[in-house]
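Written out below as structure tokens is the structure these notes cover.
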Amino acid sequence: MFEGLRYYIMICWKYNSKYILLLIIQQFVKFINMLTILFLPKYIIDNIFTYQKITEAIKLVIIFILTSIMTRFLENICIKKLAVEKIRTFKEFQLYLGSCMMKAPLELVESKKFLDLKNKSEQFIYAGGNGFGTIVETSFSLVGKLFSLATFGAVIATLDIYLLISILFLLIVNMYFNNKIQKNNIQINIEKSVQERRSAYFSGIFQNFHFGKEIRIYNLSSWLLDKYNLQLTSMLDFYKKLGRNSFYFSNITLISSALQQILTYIFIIKRTIANMLTIGDFSLYLTAINSFTTQFQSVISDIIGMNQYTEYYKYYLEYINVENIYDTKIQKDQLNYEAFEIRFENVSFVYKGQKNYALKNIKLSINKGDKFSIVGKNGAGKSTFVKLLLGIYKPTSGKILVNGRDIQSINYEDYIKYFSTIFQDFKLFSLTLSENIAFESEHKLNRIKKEKIDQLLKLFGMKNKFESKKGQNTMIFKDFCADGYTPSGGEAQRISIIRALYNEAPIMVLDEPSSALDPEAEFEINNLINEHLNGKTCIYITHRLSSTKNSNKILVFDKGKIVEQGTHDKLLNNKGLYCKLYHMQSSYY
1 MFEGLRYYIM
11 ICWKYNSKYI
21 LLLIIQQFVK
31 FINMLTILFL
41 PKYIIDNIFT
51 YQKITEAIKL
61 VIIFILTSIM
71 TRFLENICIK
81 KLAVEKIRTF
91 KEFQLYLGSC
101 MMKAPLELVE
111 SKKFLDLKNK
121 SEQFIYAGGN
131 GFGTIVETSF
141 SLVGKLFSLA
151 TFGAVIATLD
161 IYLLISILFL
171 LIVNMYFNNK
181 IQKNNIQINI
191 EKSVQERRSA
201 YFSGIFQNFH
211 FGKEIRIYNL
221 SSWLLDKYNL
231 QLTSMLDFYK
241 KLGRNSFYFS
251 NITLISSALQ
261 QILTYIFIIK
271 RTIANMLTIG
281 DFSLYLTAIN
291 SFTTQFQSVI
301 SDIIGMNQYT
311 EYYKYYLEYI
321 NVENIYDTKI
331 QKDQLNYEAF
341 EIRFENVSFV
351 YKGQKNYALK
361 NIKLSINKGD
371 KFSIVGKNGA
381 GKSTFVKLLL
391 GIYKPTSGKI
401 LVNGRDIQSI
411 NYEDYIKYFS
421 TIFQDFKLFS
431 LTLSENIAFE
441 SEHKLNRIKK
451 EKIDQLLKLF
461 GMKNKFESKK
471 GQNTMIFKDF
481 CADGYTPSGG
491 EAQRISIIRA
501 LYNEAPIMVL
511 DEPSSALDPE
521 AEFEINNLIN
531 EHLNGKTCIY
541 ITHRLSSTKN
551 SNKILVFDKG
561 KIVEQGTHDK
571 LLNNKGLYCK
581 LYHMQSSYY
């Protein structure tokens, strides 16, 4: 428990020490308030009823009221400031966790195991839905409660040590059963977190307008709601188990509390009747005993709760320690593009959990200025090859060498800047047009960069489309802006091409860059792309074999292997798979 708690406190201190200092001050103020409530009423009552000192009693009442007001006022200030400092700390935490997700290997991020791990690690961060910082705040509250508990215990001990032991015995029995129940709850919550992720997915579908067309066109509302209902129903079993555990604990606590109250009242009333206690003493001891019981139960509940959520610490550690593709331990260096060569040496790749290889024994060299086309049927391994080339995936076996060096020994940031890529499943962000192209904030885009974006927009026939709106400041999509623009498939593809050309990297990777365009627009766009490839290396993945004629080498993939390679004319003469696919396509045009 303490390792996870220590980590949480240290990371909060690192990001925002004010947050921790305010928690300390808050507990000190609460302790002063507790002392006031415990002791001053005894002296006020005794001065009125036992010693008949009304003036003294009035003074104590004034002190009591002023102290209570002051401590409550200070506590409110702490609560107000804590709310702000907590959000500041949370912001840093979120950025850190986001960086872990974005820097993890894509193959891992795509896996169910990783997504389940992320969900379990969030149980530690957000204390099972109770909110960020709950564990830290509970730990500081626990320290304050322990001081209060010691004070109440000392007061009870002055009355009778055996009474204190009896109360402790009942509380420990209660704690034992509570601990057993909470351990069971931990396992239930771990299993529940996986189902919660599935429920969140369906809930997200209903709120995400990107699914809107499919839901309406195919009338999916009833079907999806049925699936969501089944998922929510499966969650009920977990909540039934948690509810049953809560019922058992509540009844055990009820019996233990009743026995303790009976014991307390019998003991104190007997002492008061025998004139061994004043009315003020009666008030003091009754408050101390009741507060001791409440505080003890609260302390145990906090300890068990903290232990419950720090059980998730191991998942959190596993999550933040996943492999980082931007490994800072690998020294940065400048790759020499003038003598640039990427070589695949017997590279094979299999997706985790799969038996069949997506790629098998790939051997090829890519040199500066090469124009490659990669073709093949769906599932032949083309996109997997691209992800290996870009370092997004790691080979299962074999090596990818860059200028003779293993890609794994090269700083990823240095390597990836040599590539401009258009993915088949490219994404546009709910940001401005210029931010989608340049990936820079508006205030960082100088005049030269904006002019460059304008030239590319004009070249690809998009400038007029956005000039009638807010130009480069037009928001893409309507997530955050009512007058945002939702581009068509062809327009979105043009923006993705402009993005790749704006980057001006020496190696272009084009994965079906014109698949959403009509034949005329495709011909025009392909010509524009080719005009911008002066001296650049180009890897072109396509299903449309008519666009491969300008390549100096064509690679034909089938079932994860390169089955043919050569120029367009050579492959047609070979009468192999390429020839078959080419003639099959040409018959449709």
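Residue numbers (my numbering): 1 to 589.
For each residue, glycine too, the CB sits at the ideal point set by N, CA and C.
Item to check | Within 8 Å, strictly: CB atoms of Cys100 and Ile320 | outcome: Taking 8 Å as the Cβ cut-off, Cys100 and Ile320 qualify as a contacting pair.
Item to check | Sequence-distant residues of its chain with Cβ nearer than 6 Å to Phe206 (five each side left out) | outcome: No residues qualify anywhere along the chain.
Checklist entry - What separation, rounded to the nearest whole angstrom, lies between the Cα atoms of Glu451 and Ile497? => result Rounded to whole angstroms, Glu451 to Ile497 spans 17 Å at the Cα level.
Item to check | Phe439 versus Ser430 - alpha carbon distance | outcome: The C-alpha of Phe439 lies about 12 Å from the C-alpha of Ser430.
Checklist entry - Does the beta-carbon of Thr328 have 16 or more other beta-carbons within 10 angstroms, so that it is buried, or is it exposed? => result Bear in mind that a pLDDT of 49 at Thr328, under 50, signals an unreliable position, so the number given afterwards is only what the model happens to contain. Of the residues assessed, Thr328 falls on the exposed side of the cut-off, its CB having fewer than 16 other CB atoms within 10 angstroms.
Next on the checklist: Taking the alpha helix (DSSP H) that Asn503 belongs to, which residues open and close that run?
Outcome noted: Taken as a continuous stretch (DSSP letters only), the alpha helix (DSSP H) holding Asn503 covers Gly489 to Asn503.
Checklist entry - Do Ile79 and Gln182 have their CB atoms nearer than 8 Å? => result Cβ atoms of Ile79 and Gln182: not closer than 8 Å.
Next on the checklist: Taking the straight line between their C-alpha atoms, what separation do you get for Thr486 and Lys314?
Outcome noted: Taken atom to atom, the span from the alpha-carbon of Thr486 to that of Lys314 is near 43 Å.
Checklist entry - If you follow the beta strand (DSSP E) that Gly204 is part of, which residue opens it and which one closes it? => result Membership of Gly204 in any beta strand (DSSP E) is not indicated; the residue belongs instead to the alpha helix (DSSP H) covering Ile161 to Gln207.
Checklist entry - How long is the line joining the alpha carbons of Tyr285 and Leu230, rounded to whole angstroms? => result Rounded to the nearest whole angstrom, the CA to CA distance from Tyr285 to Leu230 is 55 Å.
Next on the checklist: What does the Cβ neighbour count give for Phe480, buried or exposed, with the cut at 16 atoms within 10 Å?
Outcome noted: Phe480 counts as exposed, since fewer than 16 other beta carbons sit within 10 angstroms of its beta carbon.
Checklist entry - How is Asp558 classed by DSSP in three states: helix, strand or coil? => result DSSP, reduced to helix, strand and coil, places Asp558 within a strand of the structure shown.
Next on the checklist: Only counting the same chain, and skipping five residues up and downstream in sequence, which positions put a Cβ closer than 7 Å to that of Lys377?
Outcome noted: Result list for Lys377: Asp558, in chain order.
Item to check | Through-space distance from Asn208 to Ile539, alpha-carbon basis | outcome: Taking the straight line from one Cα to the other gives about 34 Å.
Next on the checklist: For a test of the three-state rule: what should DSSP assign to Ile448, helix, strand or coil?
Outcome noted: In the structure shown, Ile448 falls within a helical segment according to DSSP collapsed to helix, strand and coil.
Checklist entry - So, using beta-carbon positions, are Thr537 and Lys417 closer together than 8 Å? => result It is not a contact, given that the beta carbons lie outside the stated cut-off.
Checklist entry - How big is the Cα-Cα spacing for Ile39 and Leu159? => result At residue 39 the sequence reads Phe, which differs from the Ile that was named. If you take the alpha carbons of Phe39 and Leu159, they lie about 15 Å apart.
Item to check | Simplified DSSP assignment, three categories, for Gly566 | outcome: Shown here, Gly566 sits in a strand according to DSSP, grouped into three states.
Checklist entry - Cα-Cα, which of Gln52, Thr396, Phe73 and Asn16 is closest to Lys30? => result Selected option, being the one with the closest Cα: Phe73.
Checklist entry - Going by beta carbon distance, what residues of the same chain come within less than 6 Å of Thr89, once the five residues before and after it are set aside? => result A distance below 6 Å between beta-carbons, with the five flanking residues on each side excluded, links Thr89 to the following residues of its chain, in chain order: Cys12, Tyr15, Asn16 and Tyr19.
Item to check | Closest residue to Val136 among Met10, Asn403, Asn33 and Ala505 (Cα-Cα distance) | outcome: Residue Met10 is the option with its Cα nearest to Val136.
Item to check | Ala380 classed as buried or exposed, judged by whether at least 16 other C-beta atoms fall within 10 angstroms | outcome: Ala380 comes out buried.
Item to check | Secondary structure of Val402, DSSP reduced to three states | outcome: Here Val402 sits in strand by DSSP.
Checklist entry - Using the beta-carbon count (16 or more within 10 Å), is Ala104 buried or exposed? => result By the neighbour-count rule (16 or more Cβ atoms within 10 Å), Ala104 is buried.
Item to check | 4 or more residues per run - each alpha helix (DSSP H) lying fully within the stretch 256-333 | outcome: Counting only runs of 4 or more residues that sit fully inside the stretch 256-333, the alpha helix (DSSP H) segments are 279-310 and 313-320, in chain order.
Checklist entry - Among the residues of its own chain, which have a CB less than 8 Å from the CB of Ile44, if the five just before and after it don't count? => result Here the set comprises Ala57, Leu60, Val61, Phe64 and Gly280.
Item to check | From Phe132, Gly133 and Leu97, residue whose alpha carbon lies closest to that of Leu117 | outcome: When only C-alpha atoms are compared, the closest one is Leu97.
Next on the checklist: Beta-carbon within less than 7 Å of Lys449's beta-carbon, same chain only, minus the 5 sequence neighbours each way: which residues are those?
Outcome noted: By the criterion of a C-beta distance shorter than 7 Å, Lys449 is surrounded in its chain by Ala438, once the five residues flanking it on both sides are discounted.
Next on the checklist: Checking 8 Å against the spacing of the C-beta atoms, do Val509 and Leu389 come in under that value?
Outcome noted: The answer is yes: Cβ separation under 8 Å.
Item to check | Straight-line Cα distance separating Thr567 from Glu435 | outcome: Approximately 39 Å, taken between the alpha carbons.
Next on the checklist: I need the straight-line Cα distance from Asp483 to Leu35, nearest angstrom please.
Outcome noted: Between the C-alpha atoms of Asp483 and Leu35 there is a straight-line separation of about 60 Å.
Checklist entry - Which two residues bound the contiguous alpha helix (DSSP H) that contains Asn346? => result Boundaries for Asn346: no alpha helix (DSSP H) harbours it, while the beta strand (DSSP E) harbouring it runs Glu341 to Phe349, taken from the DSSP string.
Checklist entry - Could you check where the alpha helix (DSSP H) with Ser468 kicks off and where it finishes? => result For Ser468, there is no enclosing alpha helix (DSSP H), as DSSP marks it with neither H nor E.
Checklist entry - Hey, would you say Glu345 sits closer than 8 Å to Leu401, going by beta carbons? => result Yes, the Cβ-Cβ distance between Glu345 and Leu401 is below 8 Å.
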